[in-house]
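Numbering-wise (the numbering used here), the sequence shown opens with residue 779 and increments by one.
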Amino acid sequence: MFKSSLLALCFTFSVAPLLSSAALFPKDSKVKLLDAKGFSKAMKTNHTSLGAFMAPWCGHCQRLVPEYSKVATALHPMIPVYAVDCDVEANKRLCAEQGVKGFPTIKLFPRGSELGSMMYDGERAAGAIFKWTSLRIPNTVEKLSKPDDIKTWSKKNIKANRALLITSDTKIPILWKVLSNNFKGKLSLGVHRDQDGSSLKAFGLDSGSSKVLIYPSGSTKSIPYSGKTKMEPLSKFFSSIIDGTVELNIEETEGSNGGGSSVKETSHFPSKDEL
Ligand SMILES: *[C@@H]1O[C@H](CO)[C@@H](O)[C@H](O)[C@H]1NC(C)=O
């Protein structure tokens, strides 16, 4: 018998009262229930996601539900959090392919099906699952410690469209890691820790919050992004840079701090008021 609540699992030979997976997660939960088809589609995006393979009758799964829902809320909308009901006949093959031997089985898919998966074997508490996930998001964010590193970075990779995050955070924010992963090969991301706001001042920006600067392909000059530093607006904006629906204009203007610049919007460019 399993005494440890940490690794206790339900096994397929348990007696299964008729419970549906729909009953597991409340309607407002950010956990998305997937069938085998939906799962396969999700894996094709190459995005980081989390999946729990469950059975509705399993007590350990039922206890995981509120914790897992908290994780989903905390990671939303950066990292999709999925659940698969392995009790459903049509999902049984998927669950077997995923190496599910007991319920619940929590797995991280760092880049969809591209990089394989990792099995979670820690405490089934929201904080622990969240932390484990946040440390395993593949990314190519370059850490630029000194202001001089920013100059070097902006020159080194001049052909690419680049985005720099200036933040007081000591760690690379999850948002930035996820964006780096989602836009891999299309946009280069850097992060600079600005402890006292002096770097923002040097860029002629107000201190107080994180700022994103865009370095258009071919330029060592930057344009401040004026939208919200959130997943959806940033994803839209990055996509519009890549597909060319937003024009990035760098202009030299007298009297301004190192050249004024502007963004000509042709699509959903978030307005300044939203900051
Ligand atoms: C996911 O990664 C594979 C392998 O690197 C690649 O062929 C595919 O185009 C990627 N899919 C997306 C949607 O980027």
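No residue lacks a Cβ here, since even glycine has one placed at the ideal position from N, Cα and C.
Rounded separation between residue i and residue j - CA only
i	j	result
A786	V990	44 angstroms
K870	I907	25 angstroms
P888	G1022	28 angstroms
T948	R971	7 angstroms
M897	Q876	10 angstroms
I936	K1006	25 angstroms
S1018	L965	11 angstroms
N959	K924	24 angstroms
V809	D865	18 angstroms
F789	D899	16 angstroms
A840	V862	Here the sequence assigns Gln to residue 840, which means Ala is not the residue at that position. About 13 angstroms.
E1025	L983	21 angstroms
A980	P994	19 angstroms
D927	I992	16 angstroms
N917	F1016	16 angstroms
G975	P1002	15 angstroms
A722	G880	Because the chain here runs from 779 to 1053, residue 722 falls outside it and cannot be looked at.
G905	L886	15 angstroms
L978	S988	9 angstroms
L759	K1014	Any question about residue 759 goes unanswered here, given that the chain covers just 779 to 1053.
K815	G837	26 angstroms
C929	A874	The question names Cys, but residue 929 is Lys in the sequence shown. One C-alpha to the other measures close to 50 angstroms.
Cβ pair residue i, residue j closer than 8 angstroms
i	j	result
P855	A820	no
L953	M1009	yes
A903	D813	no
I915	V878	no
G968	L1012	no
S1114	Q973	Examination of residue 1114 is not possible in this model, given that the chain is present from 779 through 1053 alone.
K933	T998	yes
T911	L842	no
A830	P882	yes
N939	I1020	yes
E872	F961	The amino acid occupying residue 872 in the given sequence is Leu; Glu does not appear at that position. Cβ distance not < 8 angstroms, so L872 and F961 don't count as in contact.
V919	I884	no
Residue i Cβ short of 7 angstroms to ligand 1 heavy atom set
i	result
T823	yes
E901	no
E1025	no
E892	yes
Minimum Cβ-Cβ distance from residue i to chain D less than 8 angstroms
i	result
P844	Looking for chain D here will not work: only one protein chain is present.
For the pair the stretch 818 to 838 and the stretch 876 to 893, tell me if three or more CB-CB distances fall below 8 angstroms. yes
Original post:
Between the stretch 845 to 852 and the stretch 803 to 817, do three or more beta carbon pairs fall short of 8 angstroms?
Top reply: yes
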